[in-house]
Structures are given as structure tokens and as C-alpha cells.
Amino acid sequence: MLAGSHLLLSLSSSSRADGMKPADVGLHPNLPFFHDVKGTPPVTYLHLHQCRKFSIGIFCLPRAAVIPLHNHPGMTVFSKLLFGSMHIRSFDWVDSSEQIRSSNGACLAKLNTDSVMNAPCETSILYPAAGGNMHCFTAVTPCAVLDVLGPPYDGPEGRDCKYYTEASCSSFPGDATASAAPGDNDRYAWLEEMQGKPDDFNVRGEEYKGPKIVGY
117 MLAGSHLLLS LSSSSRADGM KPADVGLHPN LPFFHDVKGT PPVTYLHLHQ
167 CRKFSIGIFC LPRAAVIPLH NHPGMTVFSK LLFGSMHIRS FDWVDSSEQI
217 RSSNGACLAK LNTDSVMNAP CETSILYPAA GGNMHCFTAV TPCAVLDVLG
267 PPYDGPEGRD CKYYTEASCS SFPGDATASA APGDNDRYAW LEEMQGKPDD
317 FNVRGEEYKG PKIVGY
């Protein structure tokens with residue numbers, strides 16, 4: 117992955133990212149944006165690269181920081197936890213072609229992942245309609261995750277990031293969930309789209325100072 121002080125990345129296989137270490141992108145847990153802070157912990161975003169085909173960035177989270185439930189419409193995402201422990205809760209729509217809606221407009225989703233990931237670990241992959249396209253990250257310890265998104269977010273192209281609130285299946289009694297989730301309501305939830313991003317989601321950009329990207 118490294119050539120001298122240069123970083124080489126490829127989207128051809130998740131195995132390319134599996135061997136990455138924090139030092140490969142100039143990170144270590146003692147950096148200031150991994151320290152505990154008073155109030156809502158901010159998330160720091162380091163932007164590495166973007167082109168028409170994909171984007172690369174790193175999210176740095178102090179303990180208890182949260183990236184709220186959001187989606188990646190029409191995108192494939194490679195996520196590599198570089199260090200630390202992170203709780204991941206993710207969903208996919210029950211029917212991506214014709215979403216099942218509640219009386220208030222929320223859509224029915226099926227739980228994909230609800231577990232803690234500990235570094236070192238394999239790269240996870242999510243797809244437009246599978247693998248947990250809508251997910252929430254919560255930092256159990258200070259941690260950093262590298263994301264490769266292909267294609268990148270692009271509002272005019274219909275790939276705008278949306279945030280969601282989650283409600284249990286029992287929140288809307290009488291809605292048609294029994295046939296979609298018979299006897300397994302714990303694995304399903306109603307997701308309601310928010311207007312804009314959550315008010316308590318504090319994300320800030322910082323300059324990436326790791327090895328220069330020279331190819332992919």
C-alpha cells in the first residue's frame with residue numbers, strides 16, 4: 117500500500133484495504149481529534165481524494181462520537197476500521213423497488229448489522245441494495261474509519277446523503293408489517309427521512325497530512 121511516502125489505493129478488491137494500518141495514512145490515537153471533549157463529541161473528516169468515479173476519506177471519532185443513520189444511494193462503499201472499536205447498526209430496505217410505507221410515510225427496513233467491530237478487521241462492503249446501505253456509527257473507543265465511495269455523493273445526479281430516524285415496528289399499529297416481517301419484528305424498523313442533517317451532528321473538516329496519493 118505504500119511506496120516511499122506515497123499511498124497507493126485500488127478499488128479492485130477489498131483485500132487492498134485489509135492490510136492498511138493507521139500509520140499508512142498518517143494517523144495515530146494521540147492526535148487531538150481523538151481526545152475526549154465536553155458536550156457532543158465532534159467527528160473529524162479528512163478528505164483524501166475525489167474524482168468522478170469515487171471518493172476517499174477518513175472519519176476520526178473520539179469516544180462516544182456518533183455518525184447518525186444515513187444512506188449511500190446508488191453507491192458501493194468500502195469501509196476499513198483503521199483502529200479502535202466501533203458499534204455499527206445498519207439496515208437495507210425490505211423492498212428496494214417499491215418501498216413499504218407506514219401511515220406517516222416512513223419506510224420499512226430490515227436490520228443487517230447490530231454489533232461492535234474491533235480493529236484489526238477485514239474491510240466491510242455495502243452495496244446500493246444490500247450489505248447495510250443505511251448505517252450508523254458509534255465510537256466505543258477513539259477510532260478511525262476509511263471510506264471509499266463509488267461513485268461519490270452527487271446531489272444533481274441523485275446521490276444526495278439523507279439522514280433517518282428509527283422507530284420500532286410497533287410504533288405504527290395497523291400498518292402492514294405482519295406479512296413483511298412475520299414473528300420477527302426485532303429485525304425490522306421504520307425509517308423516516310429527516311429534513312437535512314441532525315442538529316447535534318457536529319462534523320468538521322481537517323487537512324489530510326498523510327502520504328500523498330499517487331495512483332489507484
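Throughout, the numbering used here is defined as the position within the sequence shown, counted from one, plus 116. We put the CB at the ideal spot given by N, CA and C, even for glycine.
Delimiting residues of the beta strand (DSSP E) encompassing residue i
{"i": "Phe-149", "result": "From DSSP, Phe-149 is part of no beta strand (DSSP E); its letter is neither H nor E."}
{"i": "Asn-187", "result": "Counting along the chain, Asn-187 falls outside any beta strand (DSSP E), and DSSP gives it neither H nor E."}
{"i": "Gln-337", "result": "One cannot answer for residue 337 here, as it falls past the ends of the chain, which runs 117 to 332."}
{"i": "Ala-235", "result": "Taken as a continuous stretch (DSSP letters only), Ala-235 belongs to no beta strand (DSSP E), as it is neither H nor E."}
{"i": "Tyr-280", "result": "280–284"}
{"i": "Leu-242", "result": "240–242"}
{"i": "Tyr-304", "result": "304–309"}
Outcome for residue i when other beta-carbon atoms lying within 10 angstroms are tallied against a minimum of 16
{"i": "Gly-312", "result": "exposed"}
{"i": "Ser-137", "result": "In the sequence on display, residue 137 carries Lys and not Ser. Lys-137 is exposed by the Cβ-count criterion."}
{"i": "Gly-154", "result": "The amino acid occupying residue 154 in the given sequence is Lys; Gly does not appear at that position. The residue in question, Lys-154, is exposed, as its Cβ has fewer than 16 Cβ neighbours within 10 Å."}
{"i": "Asn-249", "result": "buried"}
{"i": "Val-261", "result": "buried"}
{"i": "Gly-135", "result": "exposed"}
{"i": "Ala-133", "result": "buried"}
{"i": "Cys-167", "result": "exposed"}
{"i": "His-144", "result": "exposed"}
{"i": "Val-232", "result": "exposed"}
{"i": "Ser-218", "result": "buried"}
{"i": "Gly-200", "result": "buried"}
Own chain, CB closer than 6 angstroms to residue i, minus 5 neighbours either side, in chain order
{"i": "Tyr-243", "result": "Thr-192"}
{"i": "His-165", "result": "Ile-172, Ile-329"}
{"i": "Gly-326", "result": "Val-141, Gly-142"}
{"i": "Asn-318", "result": "Thr-156, Pro-158"}
Coil, strand or helix - residue i by DSSP
{"i": "Arg-275", "result": "strand"}
{"i": "Arg-168", "result": "coil"}
{"i": "Tyr-324", "result": "coil"}
{"i": "Ala-119", "result": "With a pLDDT of only 39 at Ala-119, under the threshold of 50, the placement of this residue in the model should not be trusted, and no figure is reported."}
{"i": "Phe-317", "result": "coil"}
{"i": "Ala-294", "result": "Summary for Ala-294: the model assigns pLDDT 44, below 50, so the residue's position carries little reliability; its value from the coordinates is reported in the next sentence. Note: Ala-294 maps to coil in three-state DSSP."}
{"i": "Asp-211", "result": "coil"}
{"i": "Ala-255", "result": "strand"}
{"i": "Asn-220", "result": "coil"}
{"i": "Arg-179", "result": "coil"}
{"i": "Ala-139", "result": "helix"}
{"i": "Asn-228", "result": "strand"}
{"i": "Ala-246", "result": "strand"}
Chain-order list of residues whose beta-carbon lies under 8 angstroms from that of residue i (same chain, five-residue window excluded)
{"i": "Met-310", "result": "Lys-278, Tyr-279, Tyr-280, Thr-281"}
{"i": "Gly-274", "result": "Pro-189, Gly-190"}
Proximal residues to residue i (C-beta, below 7 angstroms), its chain only, five neighbours per side dropped
{"i": "His-163", "result": "Gly-173, Gly-321, Tyr-324"}
{"i": "Phe-150", "result": "Cys-176, Pro-178, Pro-258"}
{"i": "Pro-184", "result": "Cys-252, Tyr-279, Pro-314, Phe-317"}
{"i": "Lys-226", "result": "Phe-207, Asp-208, Val-210, Arg-303, Tyr-304"}
{"i": "Asp-230", "result": "Arg-205"}
{"i": "Leu-265", "result": "Phe-170, Ser-171, His-188, Met-191, Val-193"}
(request) Indicate whether the contact test is met: 3 or more Cβ pairs, each with one atom in the segment 202–213 and one in the segment 267–274, closer than 8 angstroms. (result) no
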